[in-house]
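Have a look at the structure below before the remarks.
Numbering (the UniProt record's numbering), first residue to last: 1 to 261.
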């Protein structure tokens, strides 16, 4: 059983210490590293790690704030890293798996990893139960991704098919579905909606923006490593460099009318 792990710490030496320990375990797959909370959020969405080693104190968004910005059902197992014992209580408030005090003790690290292995076995067994029950009942599997959404248009309720959406933006607790130049409000935060969208069809390009892949006509890389996208209807959208890797991976093989410049 392989366990996918993400390491988040603003100190390169601290990240190296964790990753070097992880390489000693054949069942661990390191899927990425991040130096801040925003990058960590993007990596969690992109790589869906089973386990995250997360520093508590980081510039900007702290490790605790990063985890709190995700819905409980979307949070990976998390082992917090901290130099101060007082953060332990806060770690368990967000249902962290464990926390390690810096400098990290090898035995405590191995203990936290074993705890993660045990928890992962339980998680995967629970995830299989609905599928097994459906198979035993002779029921076909439910669609994995949302195909349509119900939105309110005046006093009416309209149905918007996923294939009709050009792009989506965060609007507080709502998501704005942009369809042929009109925006429809869906009562669902963007970070939750992102998990229900087919990742082969939709890609997150900013913390507050998702775009349908086949609507992208051009992509230009800017001097700060952000990207400027132009959709087929002419809409310009800015893609944060934080999501650049995921964007380029999704666009691989997609015909674009202009390359990065």
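Quick reminder that beta carbons are idealized off the backbone N, C-alpha and C, glycines included. In this text, all values refer to a predicted model and were calculated from it rather than measured experimentally.
Rounded separation between residue i and residue j - CA only
i	j	result
residue 107	residue 53	16 Å
residue 230	residue 163	18 Å
residue 158	residue 199	24 Å
residue 13	residue 104	12 Å
residue 232	residue 151	24 Å
residue 118	residue 78	14 Å
residue 51	residue 236	36 Å
residue 248	residue 218	12 Å
residue 180	residue 234	11 Å
residue 111	residue 99	11 Å
residue 44	residue 65	14 Å
residue 169	residue 39	19 Å
residue 192	residue 122	23 Å
residue 175	residue 18	37 Å
residue 70	residue 63	12 Å
residue 194	residue 147	13 Å
residue 240	residue 3	29 Å
residue 7	residue 155	48 Å
residue 177	residue 214	16 Å
residue 182	residue 153	11 Å
residue 109	residue 220	43 Å
residue 114	residue 68	24 Å
residue 73	residue 34	21 Å
residue 55	residue 125	29 Å
residue 273	residue 225	With the chain covering only 1 through 261, there is no way to say anything about residue 273.
Cut-off 6 Å between Cβ atoms - residues of its own chain near residue i, not counting five sequence neighbours on either side
i	result
residue 149	160 and 186
residue 142	Per-residue confidence for residue 142 stands at a pLDDT of 49, beneath the threshold of 50, marking its modelled position as unreliable; no derived number is given.
residue 207	none
residue 202	210 and 212
residue 289	Because the chain is modelled from 1 through 261, residue 289 falls outside the range shown and cannot be assessed.
residue 227	219, 221 and 239
residue 32	6, 43 and 47
residue 246	46
Secondary structure of residue i, DSSP reduced to three states
i	result
residue 182	strand
residue 3	strand
residue 110	helix
residue 46	helix
residue 195	coil
residue 168	strand
residue 71	coil
residue 32	strand
residue 187	coil
residue 97	coil
residue 174	strand
residue 82	strand
residue 219	strand
residue 142	Low per-residue confidence applies at residue 142: pLDDT is 49, beneath 50, and the placement is therefore not dependable enough to give any value.
Sub-8 Å separation of residue i and residue j beta-carbons
i	j	result
residue 42	residue 242	yes
residue 9	residue 81	yes
residue 216	residue 251	yes
residue 196	residue 166	no
residue 116	residue 101	no
Spatial neighbours of residue i in its chain, beta-carbon cut-off 7 Å, leaving aside the 5 residues before and after
i	result
residue 22	5, 28 and 30
residue 145	196, 197 and 198
residue 59	10 and 36
residue 61	36, 37 and 38
residue 85	101
Neighbourhood of residue i by C-beta, 8 Å cutoff - its chain only, sequence neighbours within 5 removed
i	result
residue 171	185
residue 120	1, 3, 50, 51 and 77
is_contact[residue i, chain B] using C-beta, thresh 8 Å
i	result
residue 166	In the structure shown, chain B cannot be found, because there is only a single protein chain.
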